[in-house]
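Enquirer:
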Amino acid sequence: MITIALSKGRIFEETLPLLAAAGITPLEDPESSRKLILPTNRDDVRLIIVRASDVPTYVQNGAADIGVAGKDVLNEHGGMGLYQPLDLNIARCRMMVAVRNDFDYESAVKQGARLRVATKYVTAARDHFASKGVHIDLIKLYGSMELAPLVGLSDVIVDLVSSGGTLRANDLKAVEHISDVSSRLVVNQAALKLKRAAIGPVLEAISQAIVQ
Ligand code: PRT
Ligand code: MG
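So in numbering that gives the first Met the number 0, spot 121 of the sequence shown is number 120, and the numbers just go up one at a time.
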């Protein structure tokens, strides 16, 4: 049995065509089904539906053989025990620093001000500001980072941006680009060795189907 860990929403949607190329079709839709283990057209392949940030944990521990996770999530997790053979080029976005429209970020940085940074991505934020030599107080959040500067919880946020619509709707502006983000295929290192006959062809078919 090959177990593939996916999160609902954009990763599931954008992974479907890649799985289809490997001859794998889920028999249920996670948006309407309450099942967390979804059968596929192949008796030897099943999907498990987990939170996006939990995908690396399931794969690292061998509870799933394969998973799909954003580089943002993998960077925070650390990637231990994970083989990352393919950038799938899906669920693309940018990791950005953003502030209120009326906040003068450049001056704050020039003056050496200590910045309060709210984010879910503490590793990315710490690394980014350390490389700039900017001192920060990190405020760990689990979602809706865009709210933090609006109510005075932070000066700055580090968050993902795709269309930019969320920033605009909340009178925020992006002031720095940290990295480009897309999702990667991750594989349990032991599973790759023990189940190579089954996993190898799936990886090969997916790699052929990646849209650049
Ligand atoms: O939702 P949950 O808390 O379970 O976890 P999650 O938010 O990590 O999962 P999900 O499914 O929303 O995102 C999965 C992956 O998609 C992330 O790990 C990213 O790699 C990738 N991705 C691509 C994004 C976005 N684009 C994105 N726009 N993840 C989140 N966003 C959010 C962003 O945080 C911000 O709040 O969308 C908002 C901005 O979008 P725009 O279009 O308004 O700019
Ligand atoms: Mg989300």
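Yeah, the Cβ is synthetic: ideal placement off N, Cα and C, and Gly gets one too. Every value quoted in this text rests on a predicted model; they were computed, and no experiment measured them.
CB-CB under 6 Å to I3, same chain, minus the five flanking residues each way: which ones, in chain order?
Expert: If we look at I3 and ignore the five residues flanking it on each side, its Cβ neighbours are L46 and I65.
Enquirer: How about G163: is its Cβ closer than 8 Å to a heavy atom in the ligand MG?
Expert: No, since every heavy atom of the ligand MG falls outside the 8 Å radius drawn around the Cβ of G163.
Enquirer: Look at the alpha carbon of L159 and the alpha carbon of K70, and state the distance between them as a whole number of angstroms.
Expert: Roughly 11 Å between the two C-alpha positions.
Enquirer: Say whether the region 78–96 touches the region 26–46, bearing in mind that this needs 3 or more beta-carbon pairs closer than 8 Å, one atom from each stretch.
Expert: Taking 8 Å as the limit for Cβ pairs, the verdict is that the region 26–46 does not touch the region 78–96.
Enquirer: From what residue to what residue does the alpha helix (DSSP H) around E203 run?
Expert: Segment R195 to A208, the alpha helix (DSSP H) holding E203.
Enquirer: May I ask you to report which of helix, strand or coil DSSP gives S32?
Expert: Three-state DSSP puts S32 in coil, outside helix and strand.
Enquirer: Assign L193 to one of two classes, buried (16 or more other C-beta atoms within 10 Å of its C-beta) or exposed (fewer than that).
Expert: Exposed is the call here.
Enquirer: Mapping DSSP to helix, strand and coil, what is L18?
Expert: Residue state, collapsed to three classes: helix.
Enquirer: Examine the ligand PRT and report whether any of its heavy atoms sits within less than 8 Å of the Cβ of E30.
Expert: No, the ligand PRT has no heavy atom inside 8 Å of this Cβ.
Enquirer: Using the rule of at least 16 other Cβ atoms within 10 Å of the residue's Cβ for burial, across every protein chain shown, is T122 buried or exposed?
Expert: With fewer than 16 other Cβ atoms within 10 Å, it is exposed.
Enquirer: Please tell me whether G80 and V58 are closer than 9 Å, where the distance is taken between their beta carbons.
Expert: Yes, these two residues count as a Cβ contact at 9 Å.
Enquirer: With distances taken between CB atoms, is the gap from S206 to P84 smaller than 9 Å?
Expert: Yes, the pair counts as a contact, with Cβ atoms nearer than the cut-off.
Enquirer: Could you tell me which whole alpha helix (DSSP H) segments of length 4 or greater appear in the region 26–72?
Expert: Taking only runs of at least 4 residues, the alpha helix (DSSP H) segments lying wholly in the region 26–72 are 54–59.
Enquirer: Between A21 and A204, how many whole angstroms is the CB-CB distance? I'm expecting something under 8 Å.
Expert: Yes, A21 and A204 are in contact; Cβ-Cβ is about 4 Å, under 8 Å.
Enquirer: Would F102 and D136 qualify as a contact pair, given that the criterion is a beta-carbon distance under 9 Å?
Expert: In this structure, D136 does not lie closer than 9 Å to F102 by Cβ.
Enquirer: Can you tell me which residues form a DSSP beta bridge with K172?
Expert: Looking at the DSSP assignment, K172 forms a beta bridge with V98.
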